[in-house]
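Residue numbers (the numbering used here): 209 to 494.
For every residue, glycine included, the Cβ atom is placed at its ideal position computed from N, Cα and C.
Predicted model only: the values in this text are computed from it and were never measured.
These notes are about the structure you will find just below.
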């Protein structure tokens, strides 16, 4: 039996998550349901994309991921089912798949067409559950929808490269539980564009000329205690491989996080300037 994951902005106060799980169990009594999160900021597609990209690969091949964020059906927001990287995603076609499919092309995409048989104001419960359970039973995607060959893309999820000015122009896509801000700039892109050059990371009026690989690397002076380093700002590539601006040992109740202390918020620009070597001057020997 395949795993079925749930990623939504429903929260846990209301009945929605419980109803979705109950509907899955009614269809598949031995289903294995895993909550990725129900705390996505309401309608935040970019945040959803980041969390999904960095969680789905931890699940076995064949896992089905139900995504309930900005899922109301409309002419501009179709419902799709995608087979990608040996996983299945049942989700709205609102661009959230952009980050996941930035480097891996989908094997198959269908536009779900069972809505004619199901009238609903709660599509995650009434449509997505039906589709996910059908896939879990070994059903072919083309039975529940017509095959299409593209999906909606969100440009802001992808950083831009300005070759003339030797820059990567990215943005903040997520703020984590510690108040650290995560950008859409990957370590892979940083290495490919930077080619080992010196650099400056600019985040509002803050700059960083060093990127760490672990948080505690900032506490490198053994004559100081860890407590004396609390509140120090740093840049690092996090475990997901994305550039993060953080506060060492941040605590939102006491020290504060990078978002509040540095005034950084969702969609703010983060720019990496690479420093080009000056041309050498040659002096004539005559």
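Put simply, the backbone Cα of residue 275 is about 20 Å away from that of residue 354. In the DSSP assignment, residue 230 falls within the alpha helix (DSSP H) that extends over 224 to 235. A distance below 7 Å separates the beta carbons of residue 212 and residue 241. Around the beta carbon of residue 396, a 10 Å sphere encloses fewer than 16 other beta carbons of the protein chains shown; the residue is thus reported as exposed.
Counting along the chain, the unbroken alpha helix (DSSP H) around residue 402 starts and ends at 395 to 402. Where residue 452 is concerned, the enclosing beta strand (DSSP E) starts and stops at 450 to 455.
The three-state reading of DSSP puts residue 357 in coil, since its state is none of H, G, I, E or B. Here residue 407 is bridged, per DSSP, to 482. Residue pairing for residue 316: DSSP places it in a beta bridge opposite 291.
About 7 Å separates the beta carbons of residue 390 and residue 446, which is inside the 8 Å limit, making them a contact pair. In the three-state DSSP reduction, residue 424 falls in the helix class (H, G or I). Across the structure, residue 342 and residue 380 are spaced so that their CA atoms are roughly 37 Å apart.
Between residue 307 and the set 394, 421 and 476, the nearest pair of CA atoms involves 394. For residue 367, the closest C-alpha among the options 425, 377, 230 and 384 is that of 377.
In the DSSP secondary-structure assignment, residue 299 is bridged to 288. Bounds of the beta strand (DSSP E) holding residue 445 are 441 to 445.
For residue 373, there is no enclosing beta strand (DSSP E), as DSSP gives it neither H nor E. Spanning the alpha carbons of residue 296 and residue 483 requires a straight line of approximately 43 Å.
By the CB criterion at 7 Å, residue 471 and residue 455 fall outside the cutoff. DSSP, read as helix, strand or coil, puts residue 240 in strand.
Looking at the DSSP output, residue 214 shares a beta bridge with 243 and 274. Taking residue 225 as reference, the option from 236, 251 and 244 with the minimal CA-CA separation is 244.
Taking 7 Å as the cut-off, the Cβ atoms of residue 356 and residue 317 count as close.
DSSP places residue 467 in the uninterrupted alpha helix (DSSP H) bounded by 466 to 469. Under DSSP, residue 369 shares a beta bridge with 376.
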